[in-house]
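Novice:
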Amino acid sequence: MMTIIRIDAPLFLKENQATWTESYISGATFSWHQKDEEIRTKLKEMSNYHCAFCDDLLFPKSGEIGEIEHFKPKTAYKELAFEWTNLYPICRRCNGTKNDKFDDLLLRPDSEDYKYSDWFCLDLSSFKLKPFKLANPNWKRAEKTIELYGLNKDDKIKRRQDEFAKIRNEDYKDIDNQPFRYI
């Protein structure tokens, strides 16, 4: 979960947010997917085409198209369904694990006070992300983020191992174009 600098919301989202939100809350026939491609593209640009939570690559840097994460789920927080600051780029695996779960402890990668190394460390013996307990008395926030996004699921651990092997073999020349930049 690398730091993200939030860019301005796309103009079409700013112009339509109130109307779309009202429609969504009222339960009118509504399709989010008619509006998501441009929003998803802007979110991916904001994260340099990485998942905001596991840091895996998203299209066009990989075959993973990516999805839109509603940090506070739109099912429970309908008023935030089109709120730019509630939206993040996310890979299908992280989004499918979190689904509609939410906890106030979750970390936001675009918070002013967020820095990966203050919250997480990577255990190179297991390739698991762990809360950085010594550096942060609020380490339970990192623990909850790891849990709800499934950051230590077997497939994520395997991907980190594979990418670490590529790094050791010097297969990468540009860290921004590799997944798991924190390795």
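Just so you know, this note's numbering puts the end of the sequence shown at 196, numbered straight through with nothing missing.
Don't be surprised by glycine CBs; every beta carbon is placed ideally from N, CA and C.
1. Only counting the same chain, and skipping five residues up and downstream in sequence, which positions put a Cβ closer than 6 Å to that of M15?
2. Output the boundary residues of the beta strand (DSSP E) element that contains C134.
3. Terminal residues of the continuous beta strand (DSSP E) containing L142?
4. Tell me the residue span of the alpha helix (DSSP H) that contains Y162.
5. Could you have a look at E51 and say whether DSSP puts it in helix, strand or coil?
6. Quick one: any contact between the segment 102–113 and the segment 160–167, if contact means 3 or more CB pairs under 8 Å?
7. Taking the alpha helix (DSSP H) that E176 belongs to, which residues open and close that run?
8. Are three or more beta carbon pairs between the segment 169–179 and the segment 57–66 nearer than 8 Å?
9. If you draw a straight line from the C-alpha of N149 to the C-alpha of D131, how long is it?
10. Looking at the unbroken beta strand (DSSP E) that takes in Y37, where does it start and where does it end?
11. Between Y90 and F66, is the Cβ-Cβ spacing less than 9 Å?
12. I need the boundaries of the alpha helix (DSSP H) containing K111, first residue and last residue.
13. Less than 9 Å separating the beta-carbons of L56 and Y101?
14. Where are the beta strand (DSSP E) runs, 3 residues long or more, that stay fully inside the segment 67–124, in chain order?
Specialist: The relevant details are as follows:
1. Position 2 of the sequence shown, counting from 1, holds the residue named residue 15. Once the five neighbours on either side are set aside, the close Cβ partners of M15 are D68, Y129 and R194.
2. Position 121 of the sequence shown, counted from the start, is the residue given in the question as residue 134. Residues F133 to D136.
3. Position 129 of the sequence shown, counted from the first residue, corresponds to residue 142. Its beta strand (DSSP E) spans residues K141 to P144.
4. On the sequence shown, position 149 is the one that residue 162 refers to. Its alpha helix (DSSP H) spans residues K153 to Y162.
5. Your numbering for residue 51 matches position 38 in the sequence shown. DSSP places E51 in helix when its eight states are reduced to three.
6. yes
7. Along the sequence shown, read from residue 1 onward, the residue named residue 176 stands at position 163. It spans D167 to R181 - the alpha helix (DSSP H) in which E176 sits, taken as one unbroken run.
8. no
9. Position 136 of the sequence shown, counted from the start, is the residue given in the question as residue 149. Position 118 of the sequence shown, counted from the start, is the residue given in the question as residue 131. Roughly 7 Å between the two C-alpha positions.
10. The residue labelled residue 37 in the question sits at position 24 within the sequence shown. Element bounds for Y37: not the beta strand (DSSP E) but the alpha helix (DSSP H), L24 to S39.
11. Along the sequence shown, read from residue 1 onward, the residue named residue 90 stands at position 77. Along the sequence shown, read from residue 1 onward, the residue named residue 66 stands at position 53. For Y90 and F66, no; Cβs fall outside 9 Å.
12. To locate residue 111, count along the sequence shown from 1; it is residue 98. Run containing K111: R105 to K111, per the alpha helix (DSSP H) assignment.
13. Within the sequence shown, numbered from 1, the residue matching residue 56 stands at position 43. Within the sequence shown, numbered from 1, the residue matching residue 101 stands at position 88. For L56 and Y101, yes; Cβs fall inside 9 Å.
14. 80–83 and 100–103
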